[in-house]
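Asks:
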Amino acid sequence: MKSEKKKQKISPAVVRRLLRYVRPYRGWLILSMLCAAGSVLFTLFTPVLTGDIIDLAIGAGNVRFSEFPRLLTELGVCVAASAGLTLLGSYFNNRITYSCAADLRKKAFEHITGAPLSGIDRTPSGELINRVTGDVDLVSDGLLQAFTQLLSGAATIIGTLVFMLRASGAVTISVVVLTPLSMLAAAVIAKGSYKYFTKQTETQAEMLGYLDEYVGGARLVKTFGREEEAGKGFDEINGRLYKCGLRAQIYSALVNPTTRLVNNLVYAAVGVTGALIATGGSITVGQLSMFLTYASHYAKPFNEISGIAAQLTAALASAERVFALIDSPLEYGGDPDTEAPRVPERTGEVILDDVSFSYTKDRRLIENLCLTAKPGQRTAIVGPTGCGKTTIINLLMRFYDVNSGDIYADGRNAYDMPRSALRSRYAMVLQDTWLMRGSVAENIGYGAEGASREDIEQAARRAMAHRFIRQLPQGYDTVIDDDDSLSGGQKQLICIARVMLAAEMSRLHGSSAEPMLILDEATSNIDTRTELLVQKAFADLMRGRTSFVVAHRLSTIRESDMILVMNEGHVVEQGNHEQLLQKNGFYAKLWKTMTEEE
Amino acid sequence: MKHLFALLMHARQYRKDYVLGPVFKVIEAIFELIIPIVVSDMIDRGVNTGDTAYIRRCGVILAVLTLVGFSSTMVCQFLASRASQGTGTVLRSELFSHIMTLSHSQLDGFGTPTMISRVSGDINQVQTAAAMLIRLAVRAPFLAAGAIVMSATIDPLLSLILLVAAPLIYLSIIGVTKASRPLYREIQRHNDGITRITRENITGSRVIRAFSRQESERGRFAAVADASQQASVKVGVIAALLNPLTTVIMNLGVIAILGFGGLRVDSGALTQGQLVALINYINQILLALIVLANIINIFTRAEASAVRIQELLDTTSSISDPERPDDFDTSAPAVELRNVTFSYGSGDPVLEDLSFSVMPGQSIGIIGGTGSGKTSIANLIMRFWDVRPGMGEVRVMGADVKNVRAADLRSRIGLVPQKAELVSGTVRSNLLWGCPGASDEELISALKTAQAWDFVEAKDGLDTRVEMRGRNFSGGQRQRLTVARALAGKPDIVILDDSSSALDAATDSRLRKAIASDLSGSAIIIISQRVSSVRGCDSILALDDGRAAGIGSHEELYDSCPLYREICQSQNAAR
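Same order as they appear, the protein sequences are chains A and B. Just so we're aligned, residue 15 is where the first sequence starts under the working numbering, counting upward by one. Just so we're aligned, residue 15 is where the second sequence starts under the working numbering, counting upward by one.
#1: Considering only residues of the stretch 405-492 of chain A, which uninterrupted beta strand (DSSP E) runs meet the minimum length of 3 residues and lie entirely inside it, listed in chain order?
#2: Is it true that the stretch 256-268 of chain B meets the stretch 134-153 of chain B, where meeting means three or more beta-carbon pairs spaced less than 8 angstroms apart?
#3: Does the distance from the C-beta atom of residue 270 (chain B) to that of residue 158 (chain B) stay below 8 angstroms?
#4: Tell me the residue span of the alpha helix (DSSP H) that contains residue 582 (chain B).
#5: Under 8 angstroms, Cβ to Cβ, is there at least one residue of chain B near residue 237 (chain A)?
#6: Going by DSSP in three states, residue 401 (chain A) sits in which element: helix, strand or coil?
#7: Got a sec: is the Cβ-Cβ distance from residue 289 (chain B) to anything in chain A below 8 angstroms?
#8: What span of residues does the beta strand (DSSP E) with residue 584 (chain A) cover, start to end?
#9: Determine whether the beta carbon atoms of residue 470 (chain B) and residue 441 (chain B) lie at a separation below 8 angstroms.
#10: Rounded C-beta distance between residue 392 (chain B) and residue 509 (chain B)? I'm assuming under 8 angstroms.
#11: How is residue 270 (chain A) classed by DSSP in three states: helix, strand or coil?
#12: Going by other Cβ atoms of all chains shown within 10 Å of its Cβ, with 16 needed for buried, is residue 575 (chain B) buried or exposed?
#13: Who are the Cβ neighbours of residue 307 (chain A) in its own chain at under 6 angstroms, not counting the five residues just before and after it?
#14: Mind checking whether residue 312 (chain A) and residue 162 (chain A) have CB atoms under 8 angstroms apart?
#15: I need the DSSP call for residue 407 (chain B), collapsed to helix, strand or coil.
#16: What first and last residue would you give for the alpha helix (DSSP H) that runs through residue 14 (chain B)?
#17: Any idea what DSSP makes of residue 509 (chain A), helix, strand or coil?
#18: Just to confirm, is the Cβ distance from residue 364 (chain A) to residue 324 (chain A) under 8 angstroms?
#19: What does residue 577 (chain A) touch in chain B if you count any residue whose Cβ is under 7 angstroms from its own?
#20: In angstroms with no decimal places, state the Cα-to-Cα distance between residue 548 (chain A) and residue 260 (chain A).
#21: Excluding the five sequence neighbours on either side, which residues of its own chain have a C-beta within less than 7 angstroms of the C-beta of residue 349 (chain B), listed in chain order?
#22: When the cut-off is 8 angstroms and only beta carbons count, does residue 19 (chain B) lie next to chain A?
#23: Could you check whether residue 448 (chain B) and residue 526 (chain B) sit closer than 8 angstroms to each other, using their CB atoms as the reference points?
#24: Would you mind stating whether residue 551 (chain A) and residue 451 (chain A) have Cβ atoms separated by less than 8 angstroms?
#25: Applying the 10 Å Cβ sphere with the 16-neighbour rule, what's the burial state of residue 96 (chain A)?
#26: From which residue to which residue does the alpha helix (DSSP H) around residue 392 (chain A) run?
#27: Between the alpha carbons of residue 47 (chain A) and residue 154 (chain A), how many angstroms are there, rounded?
#28: According to the neighbour-count rule (16 or more other Cβ atoms, all chains shown, within 10 Å of its Cβ), is residue 23 (chain B) buried or exposed?
#29: What does residue 124 (chain A) touch in chain B if you count any residue whose Cβ is under 7 angstroms from its own?
#30: What residues in its chain sit with their C-beta under 6 angstroms from that of residue 121 (chain A), if we drop five residues either side in the sequence?
#31: Relative to the C-alpha of residue 37 (chain A), which candidate in A:114, A:107, A:66 and A:255 has its C-alpha closest?
#32: Use the C-beta contact count for residue 91 (chain A): other C-beta atoms within 10 angstroms, 16 or more gives buried, fewer gives exposed.
#33: Going along chain B, which residues have a C-beta under 7 angstroms from residue 8 (chain A)?
#34: Measuring alpha carbon to alpha carbon, tell me which residue in A:127, A:543, A:248 and A:108 is nearest residue 433 (chain A).
#35: According to DSSP, is residue 340 (chain B) part of a helix, a strand, or is it coil?
#36: Could you please tell me which residues of the stretch 289-304 of chain A, in chain order, have their CB closer than 8 angstroms to any CB of chain B?
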């Protein structure tokens, strides 16, 4: 998912790949082409008619009025037809472009929801968000320009050539020879600008990351009076953005005047050549006027193509980044195809067999861990902070994959079933709360489709969240966010209600589908009086279920069937409370300090 | 365009560019207006009389006009790039620093995503508008008006057709723009949704996967993406109406000029070459007006952005520093609340008639349930929020917090916020937040006090990398690092706001003991839900729904305060 910094050329592979997204809409594309051809034809015919009319008005007392009505009517029809077809064509183009953009966006989003957590955890969120939003916007802008301008541009070039050749070969040649100059100029400029556009987009992404961190953490900045330093850090990135942005802008600002210069020179050349030929009488003044119009018509597509060249290069640079995201592996890419068994056998047994894992190669964490949680057993994981307790949960849920060893859930190898099937076997509450923007009711009902308002309120009551929810401005319909509008404890209560509801619903819908439970410091922010009540609800929930509890509260630990004592990534002791106390080892020491405390 | 121009004034150093740029652009426009006259002359005096030398001379004139125009444009383009990019840079920097000055209530009011999009997207819009202002805003109307004037010099009667056509073209442009504007807003709304859902899916990746909701998240995303697509197509088609519409009007003009022009030529009032020139001018008007429409579009969008930016800039912090700050008195109570009643906004009071004080070297524990107002006390001491006049006083080291500079106040206090967050950098750079200029020894000693040195040392010591928000550390590690950050400067007052929730009891206990012995001269405020965390304090304040249920030592409260006793019992804590 790292952005590729070295590539500066437009790679044809990126273009081809982008075109693959257009393929489903080729029907529209064909229609769009037909419209472009038709509208160009009519557009190009107007100068011919105009020229004819001009030739009728030779001088004072020498105007042939009889032909006027017919030619003027034809002119009107041409104008109307070309306008109609242009409109129709742009409808098709918009349809194609925005459908492609939506497809691309959905595909990129699929990788946000499906990429391995190791990638998500490591990539700055601003960068990921930008791929789905800003980058796709740039791609669609580029595509739209490409379709509207390139299609009609190509038709215009061909059509103009045909019409011009019909009138005079010599003048046509002067047009054809000179015009590529503007393309050449544009190509040179585009080549130079690509580097700076890439650099600019990268710096913008960096700035977004900084903003995310510092605007999101503005409270922290104030707490420590770091406003000035934060500003300095921002200005440093801002300064770099100025430099590469200025270069990119100057380059893109070069394009228009340069092509206009070439076009004007062509216009002058055509005017002079045409005028010289007209004096010989082989073309009329009307035809000369037609040529002058054509000279600008013919140049216009080149003009526009170069005008959008910068936009296209930016679009391709963005497309490349979006593709990089899309190319990242999906975590379930390697999942076995086997669907979860229709009636999952749920024994509730979890076995970790000789498991080793580390987040980075250079720092070993969990080594040769063996653990058996019998059906219905409550396993507590204790140990000093940072000893790897949460890592075990990452492995159980397959948020991360083991380096070696096996994990069995419900008697089946966790790696022989789709991740979703594995995860559905657990209900989980984490210390880090997460809520989405939506009403309280929607948040509680998140994991349980089809839950009624009553089910939701019932779950909230059991999670001791009902009272404070009722105190919110709109009760259960209050829109909340994952920000600081609720306290940490309140958020945890909502998360607990969410899991309770999910567990309840799955119990209702299939008696054998009682999930196992994972609680990672799930009540750490809740006051103890409330917690006591929540614990009671959890105890109900845990009855008969296999559960894993990362906890620091004595009562929870003591009542567990199995206690895993971890230190520095290793399980140093395991057993029940009494056994461990008898051992008089690490746990006994831990227990002593804890009881002294409480 | 009021707000847009007001914003551009912020970049005064580019004033010259904003004036000179258009001047150079107008020079080019003048040359462009002369071209049809030269061509018309070439037809009448060259072609129709057979004077080839005259035709060649005209060709040279055309080439020279073009080249001079080009050089002058290039100057303008450079000035425009410099000025607009510079303006954007100035505005970004200003807006960012401004956000850093906003108070907590204002930060809450705007919300992080809104503020971020104003610094990035909205300023980009203004920047684009600034470039267009220099490059095209003067040139386009000048060309349109100039073309009408030039045609009037050729044939005043026929120029009336141009005079009618130009406003019609302009009106149709405005009409289309107006019709599409609400749609653009709709697209913006959908795009905000796209950003929000993406963000939620990143922050909530674990929960979403745990519930296997990826499919429905994709559905939710697809709904917004499709809505955005439909709105975009709709607006695209309306915008696409513009070109055919204006071309039709222009061509009707051409038909009129040809029809009436025939009569004028017949009567001898007009030459054939001049007829060609008139048609050229109406072409130029159309092109100029289309450009004008585009920049009006850009300006409209930029103005909307400017309004949003200005709104943020106009929001000045409600927490202002006094002109003559009071002095701190180290012998006065370190923190004192006198009859404080406080509520957020217009809501019910979170704190009611609360009074307590803590002397230097002493500690106070504040205990209470979720939502009992514990964190609000920290917010008031830090002056993140102000107590309304007449609703009591918050004093720190003898001074009312409203009568000292906020920066001075906060530098005296080491706050460990509830949310354990770090910023990307190294452990050292994070700790230096608490005490700029501290030596490595001081930082290490702060880490030792915070029980964090062990795991920091095991990595790369003070140079250990910290990723965004500190997510490469566990919750407990993060908490201890935030404690170390607060302690680094040996502040006069330490506030620990539920800052050991992720720590096991043993670590928590060691932490509190170390703080007590290493910062013996400081006043310590421990906010917690755990009896074990506060029972060792010199006094304990038990909070019940914002009111003091009791103040005293552990034993005193256990005997006299039913709420406190209940809390103790819920935690198996003995008297």
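Every residue gets a Cβ at the ideal spot worked out from N, C-alpha and C, and that includes glycine. Keep in mind it's a predicted model, so treat the numbers as computed, not measured.
Replies: Working from what's here:
#1: You should have 418-423 and 440-443.
#2: no
#3: Numbered from its first residue, the second sequence carries residue 270 (chain B) at position 256. Numbered from its first residue, the second sequence carries residue 158 (chain B) at position 144. Their beta carbons are not under 8 angstroms apart, which means residue 270 (chain B) does not touch residue 158 (chain B) by this criterion.
#4: As a position in the second sequence, residue 582 (chain B) is number 568, starting the count at 1. Taken as a continuous stretch (DSSP letters only), the alpha helix (DSSP H) holding residue 582 (chain B) covers 576-584.
#5: As a working mapping, residue 237 (chain A) is identified with position 223 in the first sequence. True, the Cβ-Cβ gap to chain B drops below 8 angstroms.
#6: Here residue 401 (chain A) refers to the residue found at position 387 when the first sequence is read from its first residue. Three-state DSSP puts residue 401 (chain A) in coil, outside helix and strand.
#7: Translated into the one-based positions of the second sequence, residue 289 (chain B) becomes position 275. Yes - at least one Cβ of chain A is within 8 angstroms of the one on residue 289 (chain B).
#8: Within the first sequence, residue 584 (chain A) is the residue found at index 570, counting from 1. Residues 584-589.
#9: As a first step, residue 470 (chain B) is located in the second sequence; it is residue number 456 there, counting from the start. As a first step, residue 441 (chain B) is located in the second sequence; it is residue number 427 there, counting from the start. Yes, these two residues count as a Cβ contact at 8 angstroms.
#10: Taking the first residue of the second sequence as 1, we reach residue 392 (chain B) at position 378. Taking the first residue of the second sequence as 1, we reach residue 509 (chain B) at position 495. About 5 angstroms separates the two Cβ atoms, so the contact holds.
#11: Taking the first residue of the first sequence as 1, we reach residue 270 (chain A) at position 256. If DSSP states are grouped into helix, strand and coil, residue 270 (chain A) belongs with the helices.
#12: Looking up residue 575 (chain B) in the second sequence gives position 561. It is buried - the Cβ of residue 575 (chain B) has at least 16 other Cβ atoms within 10 Å.
#13: Translated into positions along the first sequence, residue 307 (chain A) becomes position 293. Taken in chain order, the residues that qualify are 61.
#14: In the first sequence, residue 312 (chain A) corresponds to position 298, counting from 1. In the first sequence, residue 162 (chain A) corresponds to position 148, counting from 1. No, the pair does not count as a contact, with Cβ atoms beyond the cut-off.
#15: The residue given as residue 407 (chain B) occupies position 393 in the second sequence. Strand.
#16: Since the first residue shown for chain B is 15 and the last is 589, residue 14 (chain B) is missing from the structure and cannot be characterised.
#17: Locating residue 509 (chain A) in the first sequence gives position 495, where the first residue counts as 1. Reduced to three states, the DSSP call for residue 509 (chain A) is helix.
#18: On the first sequence, residue 364 (chain A) is found 350 positions in, with the first residue counted as 1. On the first sequence, residue 324 (chain A) is found 310 positions in, with the first residue counted as 1. Result no, Cβ atoms of residue 364 (chain A) and residue 324 (chain A) do not sit closer than 8 angstroms.
#19: Sequence index remark: in the first sequence, residue 577 (chain A) carries index 563 (1-based). Those within 7 angstroms of residue 577 (chain A) in chain B number zero; the least Cβ separation is about 13 angstroms.
#20: Position 534 of the first sequence, counted from the first residue, corresponds to residue 548 (chain A). Position 246 of the first sequence, counted from the first residue, corresponds to residue 260 (chain A). Going by the C-alpha atoms only, they are around 59 angstroms apart.
#21: Reading the second sequence from its first residue, position 335 is the one you call residue 349 (chain B). Closer than 7 angstroms at Cβ, skipping near neighbours: 371, 372, 395, 410, 507, 537 and 539.
#22: Residue numbering aside, residue 19 (chain B) sits at position 5 when the second sequence is read from its first letter. Not closer than 8 angstroms to any Cβ of chain A, the Cβ of residue 19 (chain B) fails to qualify, so no.
#23: For the purposes of this step, residue 526 (chain B) is identified with residue 512 of the second sequence, where counting begins at 1. For the purposes of this step, residue 448 (chain B) is identified with residue 434 of the second sequence, where counting begins at 1. Taking 8 angstroms as the Cβ cut-off, residue 526 (chain B) and residue 448 (chain B) do not qualify as a contacting pair.
#24: On the first sequence, position 537 is the one that residue 551 (chain A) refers to. On the first sequence, position 437 is the one that residue 451 (chain A) refers to. Contact check for residue 551 (chain A) against residue 451 (chain A) fails: the beta carbons are separated by 8 angstroms or more.
#25: The residue labelled residue 96 (chain A) in the question sits at position 82 within the first sequence. Residue 96 (chain A) is buried by the Cβ-count criterion.
#26: The residue given as residue 392 (chain A) occupies position 378 in the first sequence. Where residue 392 (chain A) is concerned, there is no enclosing alpha helix (DSSP H), although the beta strand (DSSP E) it sits in stretches over 392-396.
#27: Residue numbering aside, residue 47 (chain A) sits at position 33 when the first sequence is read from its first letter. Residue numbering aside, residue 154 (chain A) sits at position 140 when the first sequence is read from its first letter. The alpha-carbon atoms of residue 47 (chain A) and residue 154 (chain A) are separated by roughly 19 angstroms.
#28: As a first step, residue 23 (chain B) must be located in the second sequence, where it is residue number 9. It is exposed - the Cβ of residue 23 (chain B) has fewer than 16 other Cβ atoms within 10 Å.
#29: One-based indexing of the first sequence puts residue 124 (chain A) at position 110. The answer, in chain order, is 232.
#30: Here residue 121 (chain A) is taken as the residue at index 107 of the first sequence, counted from 1. If we look at residue 121 (chain A) and ignore the five residues flanking it on each side, its Cβ neighbours are 340.
#31: In the first sequence, the residue the question calls residue 37 (chain A) occupies position 23. Comparing alpha carbon positions, the residue from A:114, A:107, A:66 and A:255 closest to residue 37 (chain A) is A:114.
#32: To locate residue 91 (chain A), count along the first sequence from 1; it is residue 77. Exposed is the call here.
#33: Here chain A comprises residues numbered 15 to 612, so residue 8 (chain A) is not present and cannot be evaluated.
#34: Locating residue 433 (chain A) in the first sequence gives position 419, counting from the first residue. Nearest option by C-alpha distance: A:127.
#35: Indexing the second sequence from 1 puts residue 340 (chain B) at position 326. Note: residue 340 (chain B) maps to coil in three-state DSSP.
#36: Per Cβ criterion, the list reads 289, 290, 292, 293, 299, 302 and 303.
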